[in-house]
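Only one structure is covered here, and it is reproduced in the block below.
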Amino acid sequence: MKHINSVAILSIAAALSACSSVNSTLAERREVVEMYHVFDIKTKADTATIAKATSDGLSANTNNIQTAMPLQLGKTIPVTPGRFSIDDVAAGMNGQNSAMLKMLANQSGGLGLKVANCEGAVWTSKAVRNITGSNNLTLYSCLYKYRDGYNLDMYAVFTKESGGLYQVIREGANAIAGTPEAWVNKTIVDAVRSIERAAGTRAVHVEGQPELGPLPAVDQLSAK
2 MKHINSVAIL
12 SIAAALSACS
22 SVNSTLAERR
32 EVVEMYHVFD
42 IKTKADTATI
52 AKATSDGLSA
62 NTNNIQTAMP
72 LQLGKTIPVT
82 PGRFSIDDVA
92 AGMNGQNSAM
102 LKMLANQSGG
112 LGLKVANCEG
122 AVWTSKAVRN
132 ITGSNNLTLY
142 SCLYKYRDGY
152 NLDMYAVFTK
162 ESGGLYQVIR
172 EGANAIAGTP
182 EAWVNKTIVD
192 AVRSIERAAG
202 TRAVHVEGQP
212 ELGPLPAVDQ
222 LSAK
């Protein structure tokens with residue numbers, strides 16, 4: 002009798018373990034990642050040329066772009082470039098609206114309501130890419146003019162999905178086309194390449210986090 006009970010207990014434990022493993026595999030997960038990168042472009046090209054080149058580069062890998070070119074009335078070109086900052090939208094609000102925004106932020110890992118503040122920039126953009134069931138990207142660009150050229154500050158927030166019934170499909174797509182992180186890198190790099198072609202110069206990567214990693218394999222074709 003004891004032997005039968007032991008076998009039954011072991012069988013139940015094995016079944017529960019298998020169930021837990023299946024649940025872990027099937028559980029849908031959302032990870033929010035943020036990154037920034039700053040590039041220096043030494044050139045005498047006018048702002049319109051650099052802005053158009055940046056927009057053209059971004060459009061190659063995004064679904065929608067909103068741009069703005071603020072008037073520079075009474076402003077002098079500074080010796081050193083400006084710098085973007087990151088604002089928390091929910092932190093500056095009170096009451097019910099703040100509570101709702103914070104709830105949404107928690108659902109997106111606490112990063113989804115951060116935006117780039119491009120104060121002092123001569124051109125700004127917000128580019129969006131949505132791939133259903135895979136990842137969503139919002140990429141802010143701030144173009145700062147200074148005496149020797151421009152600085153391009155880029156801040157990205159993207160959400161990638163994993164697990165669930167579609168994970169096998171995602172893994173197959175990532176193996177062929179590249180990971181979401183690789184495509185964020187490519188989106189940034191393609192914008193910089195577009196500027197380099199338009200200005201006839203080379204951009205210098207000043208700083209950024211995390212490291213500007215590998216690009217998808219398809220980049221070897223599009224970069225030519």
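According to the working numbering, the sequence shown is numbered sequentially starting from 2. Don't be surprised by glycine CBs; every beta carbon is placed ideally from N, CA and C. Since we're looking at a predicted model, the values are computed, not measured.
Rounded C-alpha distance that separates residue i from residue j
i, j, result
"PRO82", "VAL123", "11 Å"
"PRO217", "ILE66", "22 Å"
"ALA183", "ASN62", "12 Å"
"GLY121", "ARG30", "38 Å"
"LEU144", "ASN118", "12 Å"
"ASP189", "ASP220", "Note that residue 189 corresponds to Ile in the displayed sequence, not to Asp. Going by the C-alpha atoms only, they are around 12 Å apart."
"THR44", "ASN152", "11 Å"
"LYS161", "GLY75", "43 Å"
"PHE85", "LEU222", "33 Å"
"VAL23", "VAL39", "Low per-residue confidence applies at VAL23: pLDDT is 45, beneath 50, and the placement is therefore not dependable, though the value from the model is reported in the following sentence. The straight-line gap from Cα to Cα measures roughly 43 Å."
"LYS115", "TYR37", "12 Å"
"SER25", "THR139", "Per-residue confidence for SER25 stands at a pLDDT of 47, beneath the threshold of 50, marking its modelled position as unreliable; the derived number appears in the next sentence. Between SER25 and THR139, the C-alpha separation is close to 29 Å."
"GLU35", "SER60", "20 Å"
"PRO71", "GLY150", "18 Å"
Rounded distance between the beta-carbons of residue j and residue i, thought under 8 Å
i, j, result
"ASP1", "VAL207", "Residue 1 lies beyond the range of the chain shown here (2 to 225); nothing can be said about it."
"TYR156", "ILE51", "18 Å between Cβ atoms; not a contact."
"GLU33", "VAL158", "The sequence given here places Val at residue 33; Glu does not occur at that position. With a Cβ gap of about 7 Å, VAL33 and VAL158 count as contacting."
Beta-carbon contacts of residue i that lie in its chain and below 8 Å, excluding the five residues immediately before and after
i, result
"GLY58", "ASP191, ALA192, VAL193, ARG194, SER195 and ILE196"
"PRO215", "ALA183 and ASN186"
"GLY55", "Per the sequence shown, the amino acid found at residue 55 is Thr instead of Gly. So the list reads TRP124, SER126, SER142, LEU144, LEU153, ALA192, SER195 and ILE196, once near-sequence residues are dropped."
8 Å Cβ cutoff met for residue i and residue j
i, j, result
"THR125", "ALA69", "yes"
Contacts around residue i, its chain only, beta-carbon distance under 7 Å, and the 5 residues preceding and following it disregarded
i, result
"ASN131", "ASN64 and ASN137"
"LYS146", "THR48, ILE78 and VAL123"
"THR202", "ILE42, LYS43 and THR44"
"VAL80", "TYR147 and ARG148"
"GLU212", "none"
"GLN210", "MET36 and TYR37"
"GLN73", "VAL123"
Proximal residues to residue i (C-beta, below 6 Å), its chain only, five neighbours per side dropped
i, result
"GLY179", "PRO217"
"ALA199", "THR50 and ALA54"
"ALA46", "ALA200"
"PRO181", "ASN136 and LYS161"
Residues bridged to residue i (per DSSP)
i, result
"GLU120", "Paired residues: none, contrary to the question."
"ASN152", "ASP41 and TYR145"
"MET36", "ALA157"
"ARG31", "GLU162"
"ILE87", "ALA117"
"GLU208", "VAL39"
"SER126", "THR68 and SER142"
"ILE132", "ASN136"
Proximity test, Cβ basis, 8 Å: residue i and chain D
i, result
"TRP124", "Absent from the structure is chain D; it holds one protein chain and no more."
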